[in-house]
Amino acid sequence: MSRSCLKFGVAAALAILSAPMASAQEAVNADEMAALCHGGGLSTCVSATIPAAGTQAVQGWMSPEIGAAWAAGYKGKGVTITIVDDFSSTSRFSGNFGVGTQTQRHGEWTREEAGMIAPLATIRSKDFSTGSAVGLAPGLNVLNLSYGMYAKAGYSSNQIGWASEEASIISYATKGTAVVSKAAGNDSVAVGGITNGQQDYLDLALIGKPSAIFVGALSTNGTTSNKAELAWYSNTAGSNPVVQSHFLVVGVDGGKTGLYGTSFAAPIISGYAAIIGSKFTKATPTQITNDLLNTARTDTLANYSASVYGKGEASLSRALAPVAIR
């Protein structure tokens, strides 16, 4: 499953990060892009506000820490999660988040997942094919990126002529004005690594940004008695200590949902960030990012190594434990 669009400067292929990930495609030309965006009407290419998922039941694929957070009254209220993803293509696939089998677009899946984790957050949708800037809402903002921007390896990220969409996201992560949860990728390489001669330049552009988090996938949620391993497809933190310091892992139990990939790891962190923001209502995006990173667990992971797991498995209960964060 992949989509392509033309960005100014280097032509980059836009790929959805659900496993197994399709290889990146050549960018479409401008006329094809216009048909893709507007063939179903302009509404397919603009942002929309979507209600959060109606269910508030803790599902078997979720960490039990989510139920504890809800019981304490933290469900994401006052926080806006914007899902930048595919909401207009004809590509759909089936899965089940515990509320019955559905067949949906990729963005509809990631939106549903984030909304199920943070049921009182405001969930917004932004179709990633438009190229227009991502807008921020009043209050705390979380951006979910379950896609990558691929092009021939060998460029630096500042050589990419980003469209307004990615330029706005990179700016927010740089200035710390939104938590940016980025799926790490499904090529079993380090973040920023080369696969089939291509690199994800959106990954490269977010390295070192204060409020960006790269999210890898575990095959299940870990415990101290049943430690989790990295999913076979997931990218790793790699040897760069800057990436390691902003890399988290969470369980993506595809055996229960039928959905695999770091695409479905990133919305978990987006939901966690919203839940944390609903407790620490005056915290900045960078403070919430650091809270998630600094409270991650390593004792729930098999053969922990920073080069594989980064900071470790995100722990919502530990992130919510302080009286205040800074």
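Under the UniProt record's numbering, residues 1 to 326 are what the sequence shown spells out, in order. Beta carbons are placed, not taken as given, at the ideal position from N, Cα and C, and that holds for glycine. Just so it is clear, the structure is predicted and the values come from calculations on it, not from any experiment.
query                                                                                                                                                           : result
Would you give the residue range spanned by the beta strand (DSSP E) that Ile123 belongs to?                                                                    : 122 to 127
Using a Cβ-Cβ distance under 8 Å, would Gly154 count as near chain B?                                                                                           : The structure shown contains no chain B; it holds only a single protein chain.
Out of Leu145, Trp70, Thr289, Ala212, state which residue places its alpha-carbon closest to the alpha-carbon of Arg111.                                        : Leu145
Provide the residue span of the alpha helix (DSSP H) that contains Leu320, from first to last.                                                                  : 316 to 320
Let's see if you can read the secondary structure: which residues bound the alpha helix (DSSP H) around Ile194?                                                 : Note, Ile194: premise wrong, no alpha helix (DSSP H); not H, not E.
Beta-carbon separation of Val249 and Gly312 under 8 Å?                                                                                                          : yes
In the DSSP assignment, the alpha helix (DSSP H) including Ile269 goes from what residue to what residue?                                                       : 266 to 279
At the level of alpha carbons, what is the spacing between Ser129 and Ser225?                                                                                   : 44 Å
Just to confirm, is the Cβ distance from Ser307 to Glu65 under 8 Å?                                                                                             : no
Going along the chain, which residues of its own chain have a beta-carbon closer than 6 Å to the beta-carbon of residue 339, five neighbours each way excluded? : Residue numbering for the chain in the displayed model covers 1 to 326; residue 339 lies beyond these limits and cannot be assessed.
In whole angstroms, give me the CA-to-CA distance for Ile275 and Phe97.                                                                                         : 19 Å
Which residue's Cα is closest to the Cα of Ala71: Ile117, Val99, Asp203?                                                                                        : Ile117
How about Ala121 and Gly76: do their beta carbons lie closer than 8 Å?                                                                                          : yes
Look at the alpha carbon of Gly222 and the alpha carbon of Gly60, and state the distance between them as a whole number of angstroms.                           : 13 Å
Taking the alpha-carbon of Ala302 as reference, which of Ser219, Thr281, Thr174, Asn235 has the nearest alpha-carbon?                                           : Ser219
For residue 354, which of helix, strand or coil comes out of DSSP?                                                                                              : Since the first and last residues shown for the chain are 1 and 326, residue 354 lies out of range.
Beta-carbon within less than 6 Å of Lys126's beta-carbon, same chain only, minus the 5 sequence neighbours each way: which residues are those?                  : Ser47, Thr82, Val84, Val134
Rounded C-beta distance between Pro285 and Ser211? I'm assuming under 8 Å.                                                                                      : 4 Å
Determine, using beta-carbon pairs with one atom in the region 192 to 207 and one in the region 153 to 167, whether at least three such pairs fall under 8 Å.   : yes
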